Amino acid sequence: MVCRFSTRLLNICIASICKAQQLEKAEAIIIDGIRLGVLPDVVTYNTLIAAYCRFVGIDTAYSVLHRMREAGINPDVITYNSLIAAATRHCLLSRSLDLFEEMLQMGILPNVWSYNTLMHCFFKSGKPDEANMVFRDIFLSNLSPCPSTFNIMINGLCKNGYTNNALMLFRNLQRHGFVPQIVTYNILINGLCKSGRLGAARRILKELGESGHVPNAITYTTVMKCCFRSRQFEQGLEIFSEMKRKGYTFDAFAYCTVSGALVKTGRTEEANKCMEQMVTNGIELDIVSYNNLINLYCREGKLENAYKLLDEIEKRGLECDKYTHTILIDGLCKAGNFESAQQHLKYMNMMGFDSNLVASNCLIDALSKAGQIDCAMKVFHSMELKDSFTYSSLVHNLCKARRFHSASKLLLSCLRGGMKILKSAQRAVLAGLRSSGFTRQARKLQLKIRLAKILHF
DNA sequence: TTAGGGTTAG
Numbered sequence: 189m190v191c192r193f194s195t196r197l198l199n200i201c202i203a204s205i206c207k208a209q210q211l212e213k214a215e216a217i218i219i220d221g222i223r224l225g226v227l228p229d230v231v232t233y234n235t236l237i238a239a240y241c242r243f244v245g246i247d248t249a250y251s252v253l254h255r256m257r258e259a260g261i262n263p264d265v266i267t268y269n270s271l272i273a274a275a276t277r278h279c280l281l282s283r284s285l286d287l288f289e290e291m292l293q294m295g296i297l298p299n300v301w302s303y304n305t306l307m308h309c310f311f312k313s314g315k316p317d318e319a320n321m322v323f324r325d326i327f328l329s330n331l332s333p334c335p336s337t338f339n340i341m342i343n344g345l346c347k348n349g350y351t352n353n354a355l356m357l358f359r360n361l362q363r364h365g366f367v368p369q370i371v372t373y374n375i376l377i378n379g380l381c382k383s384g385r386l387g388a389a390r391r392i393l394k395e396l397g398e399s400g401h402v403p404n405a406i407t408y409t410t411v412m413k414c415c416f417r418s419r420q421f422e423q424g425l426e427i428f429s430e431m432k433r434k435g436y437t438f439d440a441f442a443y444c445t446v447s448g449a450l451v452k453t454g455r456t457e458e459a460n461k462c463m464e465q466m467v468t469n470g471i472e473l474d475i476v477s478y479n480n481l482i483n484l485y486c487r488e489g490k491l492e493n494a495y496k497l498l499d500e501i502e503k504r505g506l507e508c509d510k511y512t513h514t515i516l517i518d519g520l521c522k523a524g525n526f527e528s529a530q531q532h533l534k535y536m537n538m539m540g541f542d543s544n545l546v547a548s549n550c551l552i553d554a555l556s557k558a559g560q561i562d563c564a565m566k567v568f569h570s571m572e573l574k575d576s577f578t579y580s581s582l583v584h585n586l587c588k589a590r591r592f593h594s595a596s597k598l599l600l601s602c603l604r605g606g607m608k609i610l611k612s613a614q615r616a617v618l619a620g621l622r623s624s625g626f627t628r629q630a631r632k633l634q635l636k637i638r639l640a641k642i643l644h645f
């Protein structure tokens, strides 16, 4: 139904149709509108582009830009900010930069949101130095940073391992009159908890209470997770009860935090009850909840039930993510079904997931524990990306197989790559070399370990 | 239009 209305009404109509994800219908209405003499404007197309970014993909959204120009409407800073934000959501750094450049070439001046988004994209891509340069550019461009600018900065620093710098920035900003928002406190508490600085996190939590803000569901989930991480289980469960009393368990977050922690400690029955409670309370299962359930079934050895859930995910129109696949690969490994695990890993590669590091590590660990260390080495050589877990597991199991020279070589290549390795794995190599009469090699290796520590840490 | 909490491996 198209009406005789003004552009403003057309835009209201397009916004509501886009919200309902009926994008083709929205485009048809725009065309009908033109025929009836109701011309779309930049707001009409920006709404459509934002919806394509959110519900379809950046390429489709970008193609609307052409149609927009054909209709004689020039994009503005909001058009480009939407596209840059979409690229950032998918961690497409070069795409974000290209769009930023294109915007400049079109003579469109970026605003503080453009810089915020670009900064966030650099942080998400693990490039804090570049993000810092964008932060400086905001001031050089004579733009005023907004509270989100600082929140993105503090969050990015925390996520990239610079929690101390984040805390320093927070204090500096406070000295200059910055009033932290509840989001700022949550970001900092989460960063401090994850880096193991529980005392500092507690101080910030106390400050939050004194600031007049009320802790919200996110604050509670963050602190609860922190308790589980530091093995203060009963305290974590007390927070969960408090969340329920206060009505903060309106989504899947708290339930998944609790059930995840219960599964990790082998309390699968309680984890099951927790998820059942979630469903009874009318909370719909999302992909993370399904992942939790799949993990629960895998731990109980009920792989068939786990696979049944995959069908349910598909029926519900949800998409499996890298966690779903990793959990299943780990489940197959733990059940000793290496062939299926390897097949699933291949499938994961084929699907083009951004990372299969954890899944590969699961396979390496399980294979080498089962004595199939050469198979594990094959997987190792096929991996593009390796981390401290990959090396620790292999070095440890090579020692168990009394292959101390191979373990020593691998240990050194890990340290040369600037990666840490479990202390117990280091000790196993040194002890193994000594006990098999290679004391000189052990001494040399110890010296090299010390040198690597000085160079990298 | 941007920013915060949940799920994977020793």
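Residues 189 to 645, numbered by this note's numbering, are exactly what the first sequence covers, in order. From the three backbone atoms N, C-alpha and C, an ideal C-beta is built for every residue, glycine too. Just so we're clear, the structure is a prediction, and the values are computed from it rather than from any experiment.
Next item on the list: Leaving out five residues on either side along the sequence, give the residues of the same chain with a beta carbon under 8 angstroms from the beta carbon of arginine 590.
Entry: If the five residues before and after arginine 590 are omitted, its C-beta is found closer than 8 angstroms to the C-beta atoms of Gly620, Ser624, all from its own chain and listed in chain order.
Next item on the list: Given a cut-off of 8 angstroms, decide if leucine 380 and alanine 388 are closer than it, judged by their beta-carbon atoms.
Entry: yes
Notebook entry, point to check: By Cβ distance, which residues of its chain are closer than 6 angstroms to aspartate 518, with the 5 residues on each side in sequence left out?
Noted result: Closer than 6 angstroms at the Cβ level, and outside the excluded window around aspartate 518, lie Cys550.
Next item on the list: Measure from the alpha carbon of isoleucine 609 to the alpha carbon of each residue in Ala208, Leu281, Leu599, Glu458, then state which is nearest.
Entry: Leu599
Next item on the list: Tell me whether the beta-carbon of serine 581 lies closer than 8 angstroms to the beta-carbon of leucine 633.
Entry: Going by C-beta atoms, serine 581 is not nearer than 8 angstroms to leucine 633.
Margin query: Is the beta carbon of tyrosine 408 closer than 8 angstroms to that of isoleucine 170?
Written below: The displayed coordinates of the chain run from 189 to 645. Any statement about residue 170 would go beyond what the structure contains.
Next item on the list: Using 10 angstroms around the beta-carbon of glutamine 614, count the other beta-carbons present and answer buried if the total reaches 16, otherwise exposed.
Entry: buried
Check: Measuring CA to CA, which of Gln362, Arg255, Ile475 is closest to cysteine 444?
Finding: Comparing Cα-Cα distances from cysteine 444 to each of Gln362, Arg255, Ile475, the minimum goes to Ile475.
Check: Enumerated in chain order, which unbroken segments of the alpha helix (DSSP H) with a length of 4 residues or greater are wholly contained in the region 345-420?
Finding: The DSSP assignment places complete alpha helix (DSSP H) segments of no fewer than 4 residues inside the region 345-420 at 351-363, 370-382, 386-398, 405-417, in order along the chain.
Next item on the list: Rounded to whole angstroms, what's the CA-CA distance from alanine 354 to asparagine 343? Just pull it up for me.
Entry: 8 angstroms
Note to self: Looking at the secondary structure, which residues open and close the alpha helix (DSSP H) in which arginine 622 lies?
What the structure shows: Per DSSP, the continuous alpha helix (DSSP H) segment holding arginine 622 begins and ends at 611-623.
Check: Which ranges would you report for the alpha helix (DSSP H) in the region 189-245 if only whole runs of at least 4 residues count?
Finding: 195-207, 211-223, 230-243
Next item on the list: Could you tell me the boundaries of the alpha helix (DSSP H) in which threonine 437 lies?
Entry: Per DSSP, threonine 437 belongs to no alpha helix (DSSP H) and is neither H nor E.
Next item on the list: Please name the residue, chosen from Leu280, Pro335, Gln293, that lies closest to glycine 314 on a Cα-to-Cα basis.
Entry: Leu280
Next item on the list: Using three-state DSSP, classify methionine 466 as helix, strand or coil.
Entry: helix
Notebook entry, point to check: Taking C-alpha atoms, which residue in Met291, Ile219, His278, Ser270 lies nearest to glutamate 258?
Noted result: Ile219
Notebook entry, point to check: For serine 194, which option in Gln210, Thr232, Glu212 has the closest C-alpha, if you only look at C-alpha atoms?
Noted result: Thr232
Notebook entry, point to check: Should isoleucine 340 and asparagine 304 be called a contact, given that it needs their Cβ atoms to be closer than 8 angstroms?
Noted result: Against a cut-off of 8 angstroms, the Cβ pair of asparagine 304 and isoleucine 340 comes out as a contact.
Notebook entry, point to check: For threonine 311, is the classification buried or exposed, using 16 other Cβ atoms within 10 angstroms of its Cβ as the cut-off for buried?
Noted result: It is worth fixing the name first, because residue 311 is phenylalanine in this sequence and not threonine. Phenylalanine 311 comes out buried.
Item checked: Pairwise C-alpha distance: leucine 197 and glutamine 362 -> 44 angstroms
Item checked: Limits of the alpha helix (DSSP H) - the one that serine 650 falls within -> Any property of residue 650 remains undetermined from this structure, which presents the chain solely from 189 to 645.
Note to self: Quick check on DSSP: helix, strand or coil for serine 601?
What the structure shows: Taken through DSSP and simplified to helix, strand or coil, serine 601 comes out as helix.
Notebook entry, point to check: Mapping DSSP to helix, strand and coil, what is threonine 453?
Noted result: Three-state DSSP puts threonine 453 in coil, outside helix and strand.
Next item on the list: Might you give, ordered along the chain, the residues of its own chain that have their beta carbon closer than 6 angstroms to the beta carbon of threonine 437, omitting 5 neighbours on each side?
Entry: Met431
Checklist line | Continuous alpha helix (DSSP H) assignments of at least 4 residues falling wholly in the region 295-330 | finding: Listed in chain order, they are 300-312, 316-328.
Item checked: Minimum C-alpha distance to phenylalanine 366 - residue among Cys334, Ala208, Arg385, Ser383 -> Cys334
Checklist line | Span separating the alpha-carbon of isoleucine 392 from that of alanine 214 | finding: Between the C-alpha atoms of isoleucine 392 and alanine 214 there is a straight-line separation of about 47 angstroms.
Checklist line | Helix, strand or coil at cysteine 521 according to DSSP, with G and I counted as helix | finding: helix
Notebook entry, point to check: Are the CB atoms of alanine 239 and leucine 211 nearer to each other than 8 angstroms?
Noted result: Cβ atoms of alanine 239 and leucine 211: closer than 8 angstroms.
Note to self: At the level of alpha carbons, what is the spacing between alanine 630 and phenylalanine 592?
What the structure shows: 10 angstroms
Margin query: Spatial neighbours of phenylalanine 441 within its chain, please: C-beta separation below 6 angstroms, excluding the five flanking residues on both sides.
Written below: Thr409
Checklist line | Close-in-space but distant-in-sequence residues of the same chain around cysteine 563 (CB under 7 angstroms, 5 per side omitted) | finding: Excluding positions up to five away in sequence, the list reads Leu555.
Note to self: Helix, strand or coil for aspartate 562? Go by DSSP, reduced to three states.
What the structure shows: helix
Notebook entry, point to check: So, do the region 493-505 and the region 524-537 have three or more beta carbon pairs nearer to each other than 8 angstroms?
Noted result: no
Notebook entry, point to check: Within 10 angstroms of its Cβ, does methionine 294 collect 16 or more other Cβ (buried), or is it exposed?
Noted result: Methionine 294 should be labelled exposed.
Note to self: Which of the three DSSP states is assigned to proline 263 in this structure?
What the structure shows: In the structure shown, proline 263 sits in coil (DSSP, three-state: anything other than H, G, I, E or B).
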